[in-house]
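For reference, the structure discussed in these notes is given below.
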Amino acid sequence: MTVQATVRPAAGVRRLRSVRSVLWHVAVTVVVLVLLYPVIWLVSTSFKPADEVLSRLALLPEHATGDNYRQVFGGVAGYSIWQYLGNSLAVSAGAVAGNVLSCSLAAYAFGRLHFRGRGPLFGFMISTIMLPQHVVLIPQYIIFHKLGLVNSFWPLILPKFLATDAFFVFLMVQFVRGLPRELDETATVDGCGPFRTFWYVILPLLRPAVITTSIFTFIWTWNDFFTQLIYLNDPSKFTLPLALQIFVDQSSQSAYGPMFAMSVLALVPIGLFFLAFQRFLVEGVSTSGLKG
Amino acid sequence: MTSRTARRGARILAGVVSVALAGVLSGCGSSSGSGGTQTVRFVWWGNQDRADATTKAVALFEKKNPGIRVQTEFSGYAAYVQKLTTQVAGGAAPDLIQLDRPTFGEYQHRHVLADLSRYTGSTLRVDKIPANLLAGGKADGKQYAVPAGQTTQMLVYDQDLFDKAGVRVPENGWTWEQFAKDMQKVGAATGVAGTTDFGWAVDWFDSWLHGRGKQLYTADGKLGFTAADLEQFWNTTAALRTKKGVSAPEATTKMDGSTQNSALVLKQAASEMNYDSNLTSYLSSYKGTLKTAPLPGDDAAHSGMAALPPVYFGVAQHSAHKDAAVKLLDFLVNDPEAGAVLGATRGVPANSEVRAQVCGAATGDDKAVCDYEQRVQQRMGPADTWQWPSGSSAVKTDFQQVYDDVIFGRTSVSAGAERVVENAQQALEQ
Amino acid sequence: MANTALTRPARQVTARPAARSRSRRRGQGAAYVFLSPWIVGATVLTVGPMLASLYLSFTDYDLFDSPRWVGLDNYVRMFTEDDRYWHAVTATLEYVVVSVPLKLGLALAVAMLLNRGRRGTGLYRSAFYAPSLLGASVSVALVWRAMYGDGGVAGRVLGVFGIDVGSMVDQPRYALLTVIALAVWQFGAPMVIFLAGLKQVPKELYEAAALDGAGPVRRFVAVTLPMLSPVLLFNLVLETIHAFQSFTSAFIISSGRGGPSDSTLLYTLYLYQRGFTDFRMGYASAMAWVLLVVVGLITVLLFRGANRWVFYLGEGRR
């Protein structure tokens, strides 16, 4: 702790610090365990045999089994789980690319360039965060249907290339504003137009915000059930959340074991993704303008 | 913005909005097929068993009809309804659609379904389907959908618990009065409520009304009961609730007809009303011995039971491949090979020949369904008075919601009954 | 900065006159090029559908037949005749008022705990984020039923304290609390944003406070909170908007019904039922527009009120 740094470090203090460190780890672990109890229960239940899944609420399975996983890997609704995984990855990756590109472009314009109507447009952009999804669903569906894009990944990805996630535009605008203005002025004096300035100066500096946007977009797209439900028809195009809900109408309780197993499997890729990038996530948010 | 660009912008905006609106307003325009092979989109909801069997049957159909490709889609019920609604409203209705009673009423009323009358008798064979069952897919004298199977009401009960209380199913079924007494007996003797509170579902009220010579909806889609009827029905359950004859509010509130929320399966009640198309689910997930009995009724003529279609198949009005869709429909319902593959995944088959074949070969849980159907055949009334009109899905939701308020004591039985009637009249007006 | 941002873009004043006018001229055209994806998206996918729904809110529209103009009928019915509408409003307000502070409180507490720069922080951070990664799938609904249903761990823990709650998810009194618990539990996103904010607090301030003899509580109140207030505002606004639109958690826990006895009938869930199960899209659109206006007003109020408590380093008087 920085507060102790003002005190001259002595052996006693160092020991005190390591004791504190142990206490800290114990405290955090306890909090983690309490908060993660439902997740742990989920994972453990995925190893319970069919007759235990709903009837036994205890944390640990009485007879652990890998049957649920074996069944999931044997295929769901006629397709292998890898196919659903691949579809989910494709949709999420496309969404990330779209959001990064379009939101950074829009953010640069809002954050740096002068143009007529900037204030009102910006205000409008922000207000679209408040729009409830179910109301625009049917008109949007009609548009995509007229474009012949239903039952493809386009309705899930194209809106991201059109910067419809106002939250991320906002995040990036805040970041762009925090960048020192001298940099792009130098570029302007050197004869760079706004496009080259954006490409060579702004975009590289946007990296932390880009990473933040990527991570949130990835996770939110990965878990987005309703949009995928509406636009994907063909089971071969299903994503993991769609494949998961096939288990809902299962007539017998034996279906819930595989469903839990599949939930755990769906959690693994984003879990790893998050574990790998979470360091940048905090950096990205803290260097963008969200502080005051 | 200069006035010119502003004007241009406004014009583009207006264009976009009008396109969006035009789409919303007309809500039609189905995509047409291409070249020699036609693609038929066939959608249903259901579990994996149903999906596996249906996919197999569809593959069989494609083999026999090389010119037709079938694109299948399926999901859970709630997801299915939202998706289908979006698709139909967006002008992208599938060609062959699985429906249940409420959705049939809604879609038929809103001209989503094609009139199949010009196919019946030729490419669509319905002569082997019992007339009372077929009537369920009719409206205004026209056939809009064909039942995919047959189901009827049942009471499924835990034999051990009933034995313990010394309760036996009477030879000719219970009268309502005997039933109430026996359920209290079970509750008193075993500590487990006699039966799941049947006040929650409009379906059981429908049966109860039929037992009294009334019905939920009249033939012209109006409300067929009064607040006094509903008050009497709910007073029956209220009297039982205090004596453990029916389940506690906490158990009743989660009822949705599914097995995982069933009070019987969760051992909060010793018996439960449901449709026999769900019997196999009960048998596979229940720990203990389950038996079936007909619904209580004051005599066989007023049993409150009917042969009903668990689901229907209908063809979209705007389908570009009606002929092919009808062909598929006919195949699914009438083809013996398809029947063998589909088994009892949508209730016992609607076609009587196919049913005889499937039931003859049935074993285990499927056989239990066939046997029950056989046993109660004499008690089943005609289905044509059981139609649910447009607005009925709102009534169904509202009915359960108000009953929640009643059992948790937030409103009185009489006030609740009046609210249901009032809301139902509004919903049916639509 | 965050506060001005939501109302208007900050004005830049540092550019030199010559470069400024040049870049401004070129900027005009270029800005629209940069904005073109957003403009297309906003017009086609947002403004168009929004105006369509505004129009529909004045009609009786069942999704299949053409809409019929009914004027203010939907709005009048909603406010005067519809009991369930008010159930939904009540449930939503309770949900927002309880869940947002709890969620932010938990997120801040965990962020404070993790902001020590000790080893393994990344792992812990991921662990705390795990509930948010789970999203709101059907399996979460079953997990929640197992936790808060009959014989679930919540009931057993409360039982230790002599409180008998029975099956919480099945009682109108407690069901909304379980939905709130789910929302609070998924506190990952505000936590990350708080962590980032905490990193920005100058260490010298803590040192100075420590030298002045300030204890941990005093340091939190005098240093952390004021320095964190812009981030707090940002989280507060986003989470409030988010909570008003909350749908999935209530949808999955109540199997789409909003029960028992309408206790978990959140606004958007009722809107969904009206639109997609009752086929009354006109009514649903009217509900959406009321929500939009109310959330907009609340957001403005939050920003207005923020002037009193949000502290901007180096900004001085606003």
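Protein chains in written order, with this note's numbering: chain A, 407 to 698; chain B, -3 to 426; chain C, 1182 to 1499. Don't be surprised by glycine CBs; every beta carbon is placed ideally from N, CA and C.
List the residues of chain A that residue 79 (chain B) touches, going by C-beta distances under 8 Å, in chain order. For the purposes of this step, residue 79 (chain B) is taken as the residue at position 83 of the second sequence. Within 8 Å Cβ-Cβ: 635 and 636.
Indicate whether at least one CB of chain B lies closer than 7 Å to the CB of residue 1353 (chain C). Within the third sequence, numbered from 1, the residue matching residue 1353 (chain C) stands at position 172. Judged by the 7 Å Cβ criterion, residue 1353 (chain C) is in contact with chain B.
For residue 1288 (chain C), which residues of its own chain have a beta-carbon under 6 Å away from its beta-carbon, when the five flanking residues on both sides are left out? The residue labelled residue 1288 (chain C) in the question sits at position 107 within the third sequence. Excluding positions up to five away in sequence, the list reads 1368, 1371, 1372 and 1375.
Who are the neighbours of residue 651 (chain A) on chain C, taking C-beta pairs under 7 Å? Locating residue 651 (chain A) in the first sequence gives position 245, where the first residue counts as 1. Residues of chain C passing the Cβ test: 1319.
Run of the beta strand (DSSP E) containing residue 1299 (chain C), from where it starts to where it stops: Counted from its first residue, the third sequence places residue 1299 (chain C) at position 118. Per DSSP, residue 1299 (chain C) belongs to no beta strand (DSSP E) and is neither H nor E.
Which two residues bound the contiguous beta strand (DSSP E) that contains residue 310 (chain B)? On the second sequence, position 314 is the one that residue 310 (chain B) refers to. First-last of the beta strand (DSSP E) with residue 310 (chain B): 308 to 311.
Please decide whether residue 658 (chain A) counts as near chain C, where near means a Cβ-Cβ distance under 7 Å. By 1-based counting over the first sequence, the position of residue 658 (chain A) is 252. Since pLDDT at residue 658 (chain A) reaches only 49, below the 50 mark, its modelled position is unreliable, and the value read off the structure follows with that caveat. Residue 658 (chain A) does not count as touching chain C.
Tell me, please, which residues DSSP counts as bridged to residue 1488 (chain C). Reading the third sequence from its first residue, position 307 is the one you call residue 1488 (chain C). Per DSSP, none; premise fails for residue 1488 (chain C).
Quick one: Cα of residue 499 (chain A) to Cα of residue 570 (chain A), how far? Locating residue 499 (chain A) in the first sequence gives position 93, counting from the first residue. Locating residue 570 (chain A) in the first sequence gives position 164, counting from the first residue. Approximately 16 Å, taken between the alpha carbons.
Should the stretch 100 to 110 of chain B be called in touch with the stretch 283 to 291 of chain B, which here means at least 3 C-beta pairs below 8 Å? no
To the nearest angstrom, how far is the alpha carbon of residue 1565 (chain C) from that of residue 242 (chain B)? Shown here, chain C extends from 1182 to 1499; a query on residue 1565 (chain C) therefore has no answer.
Proximal residues of chain A, C-beta to C-beta of residue 428 (chain B) below 9 Å: A question about residue 428 (chain B) goes unanswered here, because the residues of chain B that appear run from -3 up to 426.
List the DSSP bridge partners of residue 152 (chain B). Start at 1 with the first residue of the second sequence, and residue 152 (chain B) comes out as number 156. BP columns for residue 152 (chain B) point to B:268 and B:288.
Cβ of residue 85 (chain B) within 7 Å of any chain A Cβ: The residue given as residue 85 (chain B) occupies position 89 in the second sequence. Yes, residue 85 (chain B) lies at the interface with chain A (some Cβ there is under 7 Å from its Cβ).
Among the residues of its own chain, which have a CB less than 6 Å from the CB of residue 264 (chain B), if the five just before and after it don't count? Residue numbering aside, residue 264 (chain B) sits at position 268 when the second sequence is read from its first letter. So the qualifying residues of the chain are 243 and 247.
Measuring alpha carbon to alpha carbon, tell me which residue in A:598, A:417, A:480 and A:444 is nearest residue 465 (chain A). On the first sequence, residue 465 (chain A) is found 59 positions in, with the first residue counted as 1. Of the candidates A:598, A:417, A:480 and A:444, the one whose C-alpha sits nearest the C-alpha of residue 465 (chain A) is A:444.
From which residue to which residue does the alpha helix (DSSP H) around residue 95 (chain B) run? One-based indexing of the second sequence puts residue 95 (chain B) at position 99. Taken as a continuous stretch (DSSP letters only), residue 95 (chain B) belongs to no alpha helix (DSSP H), being part of the beta strand (DSSP E) at 92 to 95.
Could you tell me whether any Cβ in chain B is nearer than 7 Å to the Cβ of residue 547 (chain A)? Here residue 547 (chain A) is taken as the residue at index 141 of the first sequence, counted from 1. So yes, residue 547 (chain A) belongs to the interface.
Would residue 389 (chain B) pass as an interface residue toward chain C - the criterion being a Cβ-Cβ separation below 7 Å? For the purposes of this step, residue 389 (chain B) is identified with residue 393 of the second sequence, where counting begins at 1. Residue 389 (chain B) counts as touching chain C.
According to the Cβ coordinates, are residue 290 (chain B) and residue 344 (chain B) closer than 7 Å? In the second sequence, counting from the first residue as 1, residue 290 (chain B) sits at position 294. In the second sequence, counting from the first residue as 1, residue 344 (chain B) sits at position 348. Contact flag unset, no.
Can you list the residues of chain A that residue 88 (chain B) reaches, using a CB-CB cut of under 7 Å? Residue numbering aside, residue 88 (chain B) sits at position 92 when the second sequence is read from its first letter. Under the 7 Å cutoff, chain A gives 551 and 556.
Evaluate contact between the stretch 608 to 626 of chain A and the stretch 67 to 84 of chain B, counting only Cβ atoms and requiring at least three cross-stretch pairs below 8 Å. no
Is there a C-beta anywhere in chain B that falls below 7 Å from the one on residue 487 (chain A)? Numbered from its first residue, the first sequence carries residue 487 (chain A) at position 81. So no, residue 487 (chain A) is outside the interface.
Residues of chain B with CB closer than 7 Å to the CB of residue 484 (chain A), please, in chain order. For this step, residue 484 (chain A) is matched to residue 78 along the first sequence. Simply 51.
Is it true that the stretch 1432 to 1448 of chain C meets the stretch 399 to 418 of chain B, where meeting means three or more beta-carbon pairs spaced less than 8 Å apart? yes
Taking 8 Å as the cut-off, does the stretch 590 to 602 of chain A touch the stretch 542 to 556 of chain A (at least 3 CB pairs, one atom from each stretch)? no
Going along the chain, which residues of its own chain have a beta-carbon closer than 6 Å to the beta-carbon of residue 178 (chain B), five neighbours each way excluded? Residue 178 (chain B) sits at position 182 when you count from the first residue of the second sequence. Contacts found: 163.
How about residue 1240 (chain C) and residue 1439 (chain C): are their beta carbons less than 7 Å apart? Residue mapping note: residue 1240 (chain C) aligns to position 59 of the third sequence, counting from 1. Residue mapping note: residue 1439 (chain C) aligns to position 258 of the third sequence, counting from 1. Cβ distance not < 7 Å, so residue 1240 (chain C) and residue 1439 (chain C) don't count as in contact.
Measuring only the C-alpha atoms, how far is residue 1316 (chain C) from residue 1437 (chain C)? Residue 1316 (chain C) sits at position 135 when you count from the first residue of the third sequence. Residue 1437 (chain C) sits at position 256 when you count from the first residue of the third sequence. Rounded to the nearest angstrom, the two C-alpha atoms are 16 Å apart.
Quick check: the stretch 1296 to 1312 of chain C against the stretch 1339 to 1350 of chain C, are at least 3 beta-carbon pairs closer than 8 Å? no
Nearest by alpha-carbon distance to residue 530 (chain A): which of C:1224, C:1409, C:1429 and C:1290 is it? Here residue 530 (chain A) refers to the residue found at position 124 when the first sequence is read from its first residue. Taking only the C-alpha atoms, the option nearest residue 530 (chain A) is C:1224.
Under three-state DSSP, which class holds residue 1408 (chain C)? Numbered from its first residue, the third sequence carries residue 1408 (chain C) at position 227. The answer is helix: DSSP assigns residue 1408 (chain C) an H, G or I state.
At 3 residues or longer, what runs of the beta strand (DSSP E) sit wholly inside the stretch 223 to 280 of chain B? 267 to 271
Going by C-alpha to C-alpha distance, which of C:1328, C:1452, C:1308 and C:1284 sits closest to residue 1468 (chain C)? As a working mapping, residue 1468 (chain C) is identified with position 287 in the third sequence. With distances taken between Cα atoms, residue 1468 (chain C) lies closest to C:1452.
Express the C-alpha separation of residue 197 (chain B) and residue 252 (chain B) in angstroms, rounding to a whole number. Looking up residue 252 (chain B) in the second sequence gives position 256. Looking up residue 197 (chain B) in the second sequence gives position 201. Roughly 8 Å between the two C-alpha positions.
Chain B partners of residue 640 (chain A), CB-CB under 8 Å? Start at 1 with the first residue of the first sequence, and residue 640 (chain A) comes out as number 234. Going along chain B in sequence order, the residues near residue 640 (chain A) (Cβ under 8 Å) are 67 and 69.
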